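86 is the number that UniProt numbering gives to position 86 of the first sequence; each next residue is one higher, with no gaps.
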Amino acid sequence: MGRAPCCDKMGLKKGPWTPEEDRKLLAYIQQYGHGNWHALPSKAGLRRCGKSCRLRWANYLRPDIKRGKFSLQEDETIIQLHALLGNRWSAIAALLPKRTDNEIKNYWNTHLKKRLTKMGIDPMTHKPKNHALGCDQAKDFANLWHMAQWESARLEAGRG
DNA sequence: AACGAAAACAACCGCTCGCGT
DNA sequence: AACGCGAGCGGTTGTTTTCGT
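Here it is in structure tokens:
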């Protein structure tokens with residue numbers, strides 16, 4: 001059986017990571033870095049595919065990650081960035097340096113989308129669904145949306 | 001106290017893109 | 001120029017935790 005394992009074929013582990021696996025991956029990357037995800041698992045003594053290792057590192061083990069609850073400010077930033085960029089989670093995460101795309105995506109899908117919907121904002125367009133002009137909250141978000149449009153225009157103009 | 005439903009969180013999958021050959 | 005391979009991305013599914021009955 002001297003054939004190089006092609007990701008799916010051989011007995012590669014899937015599912016949740018154990019503390020043991022985390023330690024191995026962390027230790028390896030701290031010592032050698034991650035030049036080559038494909039080759040990494042066997043070097044690090046892990047029965048995982050490189051993809052799985054990369055994901056685990058990027059979303060959990062990387063040192064520059066802030067874990068835990070999102071602050072109110074982060075909420076607003078994410079909402080604004082989503083208005084600007086749409087579902088480009090990696091782009092959004094790049095502007096929230098301590099958060100991962102996966103975490104932001106999950107947070108958006110489970111919390112923010114619903115919250116916006118409840119407030120009468122369409123989470124896709126970020127526009128108010130009803131034009132309740134007397135409602136302060138709706139005004140706030142209309143204003144926010146307006147600001148987002150400006151930022152979007154500026155980004156477009158400055159791109160290059 | 002026990003069970004089922006819903007939410008929150010973690011990880012996987014398929015696809016595309018970019019790079020090297 | 002075409003192809004193959006690996007990395008990264010976004011959508012989706014699976015698993016754990018919390019909540020309501």
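All C-beta atoms in this analysis are idealised placements derived from N, C-alpha and C, irrespective of residue type, glycine included. All values reported here derive from a predicted model rather than from experimental measurement.
Within the UniProt domain "Myb-like" (62 to 112), ranges of the alpha helix (DSSP H) (whole runs, at least 4 residues): Those alpha helix (DSSP H) runs which fall completely within the UniProt domain "Myb-like" (62 to 112) and span 4+ residues are 72 to 85, 89 to 95, 101 to 107.
Return the CA-CA distance between Q112 and L25, expressed in angstroms with no decimal places. Taking the first sequence and counting its residues from 1, one reaches residue 112 at position 112. Taking the first sequence and counting its residues from 1, one reaches residue 25 at position 25. First, the amino acid is wrong: residue 112 is Leu here, not Gln. Going from the Cα of L112 to the Cα of L25 covers about 32 Å.
Where do the N-terminal and C-terminal ends of the alpha helix (DSSP H) with A27 fall, by residue? Numbered from 1 along the first sequence, position 27 holds the residue referred to as residue 27. It spans 19 to 32 - the alpha helix (DSSP H) in which A27 sits, taken as one unbroken run.
Any idea what DSSP makes of P41, helix, strand or coil? Locating residue 41 in the first sequence gives position 41, counting from the first residue. Note: P41 maps to helix in three-state DSSP.
Taking buried to mean at least 16 other C-beta atoms within 10 Å of its own C-beta, is Q31 buried or exposed? As a working note, residue 31 is residue 31 in the first sequence. It counts as exposed.
Since I believe K98 is in contact with K66 (beta carbons under 8 Å), could you give me their beta-carbon distance rounded to a whole number of angstroms? Within the first sequence, numbered from 1, the residue matching residue 66 stands at position 66. Within the first sequence, numbered from 1, the residue matching residue 98 stands at position 98. Between K98 and K66 the Cβ distance is about 4 Å, and since that is below 8 Å, they are a contact.
Do R56 and E20 count as a contact pair if the criterion is CB distance below 9 Å? Here residue 20 is taken as the residue at index 20 of the first sequence, counted from 1. Here residue 56 is taken as the residue at index 56 of the first sequence, counted from 1. Not in contact: E20 and R56 (Cβ atoms no closer than 9 Å).
Contact check, C49 vs L85, beta carbons under 9 Å: Position 49 of the first sequence, counted from the start, is the residue given in the question as residue 49. Position 85 of the first sequence, counted from the start, is the residue given in the question as residue 85. It is not a contact, given that the beta carbons lie outside the stated cut-off.
Can you grab the Cα-Cα spacing for the pair S52 / K14, in whole Å? Within the first sequence, residue 52 is the residue found at index 52, counting from 1. Within the first sequence, residue 14 is the residue found at index 14, counting from 1. Those two C-alpha atoms are separated by around 8 Å.
Tell me the DSSP bridge mates of P128? Position 128 of the first sequence, counted from the first residue, corresponds to residue 128. Beta-bridge pairing links P128 to I121.
Alpha-carbon to alpha-carbon, I29 and A94: One-based indexing of the first sequence puts residue 94 at position 94. One-based indexing of the first sequence puts residue 29 at position 29. Whole-angstrom Cα-Cα distance: 21 Å.
Any idea what DSSP makes of G11, helix, strand or coil? Position 11 of the first sequence holds residue 11. Coil.
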